[in-house]
Amino acid sequence: MSGVWPWLAVAALGAYHGIDPSMGWLFAVALGLQEKRSSRVVWALAPIALGHLVSIGVVVAIVASLQTTVAVEWLRPAGALALILFGVFRFLRPRAHPRWVAMRVNFGELALWSFLMASAHGAGLMLFPILLGMNPASAGPHAHHMAAMAHGASAAQAVAVVILHTSAMVAVMGAIALVVYERVGLAILRSAWINLDIIWSGALVAAGVLSFAI
Amino acid sequence: MALWKPDQTFYPSPKMAMSAPREKLAYVVAFNPDARNGKHDALCVLDLDPGSRTYGQIVGRTEVTGVGDELHHFGWNACSAALCPYAPHPHIERRYLIVPGLRSSRMYVFDTKPDPRSPRIVRVIEPEEIAERTGYSRPHTIHCGPDAIYVSALGTPAGDGPGGIFLLDHESFDVLGRWEVDRGPQYFAYDFWWHLGHDVVVTSEWGTPNMIENGVVPDLLLGGKYGHALHVWDLRRRKHVKSLDIGAENQMVLELRPSHDPTKTYGFAGVVISTKDLSASIWLWDRKGDDWSIRKVIEIPSEPADPAALPPALKPFKAVPPLITDINLSLDDRFLYISCWGTGDFKQYDVSDPYNPKLTGNIRLGGIVSHAAHPRGGALNGAPQMVEMSRDGKRIYFSNSLYGAWDAQFYPEGVKGWVAKVDANPSGGMTLDNEFFIKFEGERPHQIRLEGGDASSDSYCYP
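Below, the structure is given as structure tokens:
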């Protein structure tokens, strides 16, 4: 895996999280409806993005640092197994979500909520095979320290992954939130909210299997 | 198994829920007043499909395993609150009815899916399990919350207070524990509901089990010892915020109907009786700024009566108290319905301006003195009591019994069970459905739940 594809995959995963109502856009719309102003919808995007960014950032940082200390022969199967097990867990217990009960939230609370939802979802874990598949040689002048490693993203690449993923998520999430708030209305939830949990748990397992193969 | 699309009985907002299809079935609990004969209480199924040959009849009946449970209120495992944005799980099914026995504290879980006309018991939660995990007993109101099933309980296993709220897992139905972290001065419990848009819970007060289980105690009543306050809580922190005391002469604050619109912070509470003049009343709570307040918005006077026509408990007063025992609010927060179980009145008020309700309809059936007749049922006893309304606000069903030990005091001849129906005009006014009358032989129907949800089954997070 090289070239533009890993970056497209990172962005696509971000967009996917942007589409998922339980990752934030629905909360943003709810806050707007509750206070009857669209500025509240826009306000909500920043803390939701921050919480999501920190959640995947933690996973990416762990993977990136492990790459420098653990041989890829060990890291790859361990990560793959984690993905598969987590996917199976999400499938068996789709409602093992944080028991958050609060509509009235400030910036910090909404960021914490977003962090918990993304973490419980395994959002960062999904980036593991992509990070592992990246070629550090293409990462610019600072990559030479890590060039000895056969696989894996450089620190700069890791940061870029987190920013790209979160940006894609916020762009999609914000667009959906505003369109639903201003035009479409929430009735669409009843028909369009397919069970993304099932898709996501399947994707986690598939990504785990794929990690063995990369 | 999880659904692929959201359960189609869930609606984001109360307004959207008003466009839900017409109900074809209702579930009604039937209480057997004489447990000594060994008969069981049952969950009955009513056919409400006008196109059906068995319309207006009891088409299903599932007996519970215990004896003397006194099935009373009940509710669904899941509802529109599953769409709430902070903990969404919309692919769960509205499928199970959680049915507590108010006297036994045993809770039955019925599965309505394999055959909606023949619900089956899939789990029994024993009173010991509830007592051990929560310290509570006498489970009453059920609401499907955003994160769990919430259940109110009248008191402790010994029959004293405090009563409160406990939680059930909305998948496994395991008893999770007591809800309150800081109950402040709250001691009595009865009903509860919430303003989900504001993270606020409101609870009401009846009395401890020891104060009610042998009938209303005149000394306690005249001494103002039954509940006379509402409690406002922080839903998130599970903390008591404020008590709204309405004065000791206003005895027993029972049913709570907060505005369905989650952006609003007002709601209605029914008060059974005033010790001053036997009147009954409706109180409006509301928040202005950060301060909660409560005021009386409806007062229904007692009616003078010949002592010879009154039960022993009422003879000295020479009057029939209205006894507001249940209320219901349409999903558009426009019409409030009130059951006066003493006089037999069933009242409709336009509460578009909640501070100034306007009486828009009145129907009388049964009643302690009037025994007002139904064309299909003749002279009736009991009176409109548990009231339930379709989501579109057009059809209202009610049953006529209150609570075993209290039925005997107000209707000593023994309440003969029935369910009747009223058709509401969307712009105000209502008419009795002269054809619809369901008689219960030897049993007393209590709460009614409509298939797919009704006007008191669901909570909404979006306006």
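Residue numbers (the numbering used here), protein chains in the order written: chain V, 442 to 655; chain S, 796 to 1258. For glycine and all other residues, C-beta sits at the position ideal for the given N, C-alpha and C.
- By the Cβ neighbour-count rule, D461(V) is buried, with 16 or more other Cβ atoms within 10 Å of its own.
- Contact annotation for E975(S) against chain V: no contact, minimum CB-CB distance about 14 Å [criterion: below 7 Å].
- Residues of the segment 629-646 of chain V that bring their beta carbon within less than 8 Å of a beta carbon in chain S comprise L630, R631, S632, W634, I635, N636, D638, I639, in sequence order.
- Chain order gives no chain S residues near P447(V), where near means a beta carbon separation below 8 Å; the closest approach is about 31 Å.
- Taking C-alpha positions only, L1124(S) is separated from S652(V) by approximately 56 Å.
- Residues of chain V with a Cβ closer than 8 Å to the Cβ of C874(S) do not exist, since the nearest Cβ in that chain sits about 14 Å away.
- Assigned with DSSP and collapsed to three states, V603(V) falls in helix.
- Distance from the Cα of N1151(S) is smallest, within the candidate group A1100(S), E1183(S), V1092(S), V1115(S), for V1092(S).
- For chain V, the residues of the segment 808-828 of chain S that bring a beta carbon within less than 8 Å of one of its beta carbons are S808, M811, in chain order.
- Interface residue (Cβ-Cβ distance to chain V less than 8 Å): P1117(S) is not classified as such.
- For the C-beta of W1028(S), not a single chain V residue is nearer than 9 Å; the gap to the nearest is close to 12 Å.
- Here V1066(S) is buried: its Cβ has 16 or more other Cβ atoms, across all protein chains shown, within 10 Å.
- The DSSP-derived three-state label of N832(S) is helix.
- For H935(S), the nearest beta carbon of chain V is not closer than 8 Å to its own beta carbon.
- Boundaries of the alpha helix (DSSP H) around M558(V): 548-562.
- If you draw a straight line from the Cα of I525(V) to the Cα of G1248(S), it comes to about 39 Å.
- Rounded to whole angstroms, the separation of the alpha carbons of P911(S) and L1245(S) is 12 Å.
- Using a 10 angstroms sphere on the CB of G615(V), the tally of other CB atoms reaches 16 or more, which defines it as buried.
- Chain S places a beta carbon closer than 8 Å to that of V542(V), counting this residue as a contact.
- For the alpha helix (DSSP H) assignment, the uninterrupted runs of no fewer than 4 residues enclosed by the segment 1187-1223 of chain S are, from N- to C-terminal side, 1199-1205.
- Assignment of T951(S) by DSSP, reduced to helix, strand and coil, places it in the coil class.
- Under DSSP, T1226(S) shares a beta bridge with D1218(S).
- Contact of R928(S) with chain V by beta-carbon distance below 8 Å is absent, the smallest such distance being about 17 Å.
- Residues of the same chain with a CB within less than 7 Å of the CB of E1098(S), apart from the 5 flanking positions on each side, are A1114, V1115, T1138 in chain order.
- Per DSSP, the continuous alpha helix (DSSP H) segment holding F532(V) begins and ends at 513-533.
- The segment 1194-1203 of chain S makes no contact with the segment 1219-1231 of chain S, as fewer than three CB pairs between them are under 8 Å.
- Judged by DSSP secondary structure, F1141(S) falls within the beta strand (DSSP E) whose first and last residues are 1140-1145.
- Using beta-carbon distances, L627(V) counts as an interface residue toward chain S, with a partner under 8 Å.
- At a cut-off of 8 Å between beta carbons, H538(V) contacts chain S.
- Contact annotation for D1086(S) against chain V: no contact, minimum CB-CB distance about 17 Å [criterion: below 8 Å].
- Among the residues facing chain S, L474(V) is included, as its CB has a counterpart in that chain under 8 Å away.
- Distance from the CA of L491(V) to the CA of T607(V), rounded to the nearest whole angstrom, comes to 8 Å.
- Contact note: S463(V) reaches chain S through P883, using a C-beta cutoff of 7 Å and chain order.
- Taken through DSSP and simplified to helix, strand or coil, W1087(S) comes out as strand.
- When DSSP states are grouped into helix, strand and coil, I1041(S) belongs to the coil group.
- For W484(V), not one C-beta of chain S is nearer than 8 Å to its own C-beta.
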